[in-house]
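Peer 1: With the working numbering applied, the sequence shown closes on residue 148, and no number is skipped along the way. Positions of the beta carbon are idealized from the N, C-alpha and C atoms, including for glycine. Owing to the predicted nature of the structure, the values given are computational and were not obtained by experimental measurement. Take this structure first; my questions come after.
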Amino acid sequence: MKAGEIALASLQQADGQLKLRPVLLLTTFPPFDDWLVCGISSQIRHAVSGLDSVVEMKDTDFEQSGLQVSSVIRTGFLATLPSKDIPGTIGSISSHRYHTVINQLVTHLNQS
């Protein structure tokens, strides 16, 4: 697995329930190689301008993403997961989109 790939993982929702959903692999943290991920949702109406990234079916990297429908990479929905809880990847996003997501996250953190 590598940064920029999309995987399926169980993430805790606001109601405390676990839900299997696509996640974007952002980076790993030593010493255990836990992954920082952000959740991906098909509810694109919840996209936050300037923070989230919408992957639409017409986009050049949609097919390689492994996503089934247009989706929003929710940069504010972060989690840290052990590698063992990520069974494998379903696709990836373009390098350009990955760097955009990272830059949006860094910009937001620097504004806080």
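(1) Can you tell me whether K55 is helix, strand or coil according to DSSP?
(2) Take R133 as the anchor and find which of I76, D97, L47, L114 has the nearest alpha-carbon.
(3) Pull up the distance between the alpha-carbon of S119 and that of I129, whole angstroms please.
(4) The ligand SAH and Q79: does any heavy atom of the ligand fall closer than 7 Å to the residue's C-beta?
(5) By alpha-carbon positions, which one of S148, I42, V137 ends up nearest to S85?
(6) Throw me the rounded Cβ distance for the Q140 and V108 pair, which I believe falls under 8 Å.
(7) Go ahead and label T111 buried or exposed: buried means 16 or more other beta carbons lie within 10 angstroms of its beta carbon, across all protein chains shown.
(8) I'd like to know whether the C-beta atoms of T125 and I42 end up nearer to each other than 8 Å.
(9) Quick one: residues in its chain with C-beta nearer than 6 Å to the C-beta of D70, no 5 flanking neighbours on either side, listed in chain order?
(10) For the putative contact between G72 and L62, defined by C-beta atoms under 8 Å, what is the C-beta separation to the nearest angstrom?
(11) Suppose contacts are defined by Cβ-Cβ distances below 8 Å. Is G40 in contact with S131 by that definition?
(12) Spatial neighbours of T64 within its chain, please: C-beta separation below 7 Å, excluding the five flanking residues on both sides.
Peer 2: Short version:
(1) DSSP places K55 in strand when its eight states are reduced to three.
(2) When each option's Cα is compared against that of R133, the closest is D97.
(3) So the two alpha carbons sit approximately 19 Å from each other.
(4) Absence of the ligand SAH from the depicted structure is noted, as is the absence of any ligand whatsoever, leaving it without description.
(5) Of the listed residues, the one whose Cα sits closest to S85 is V137.
(6) About 12 Å separates the two Cβ atoms, so there is no contact after all.
(7) It counts as buried.
(8) The Cβ atoms of T125 and I42 lie closer than 8 Å to each other.
(9) Within the same chain, D70 has close Cβ partners T116, P118.
(10) Reading the sequence as shown, one finds Leu at residue 72 and not Gly. Between L62 and L72 the Cβ distance is about 5 Å, and since that is below 8 Å, they are a contact.
(11) It is a contact, given that the beta carbons lie within the stated cut-off.
(12) Short of 7 Å from the beta carbon of T64, and not among the five residues preceding or following it, lie these beta carbons of its own chain, in chain order: D70, W71.
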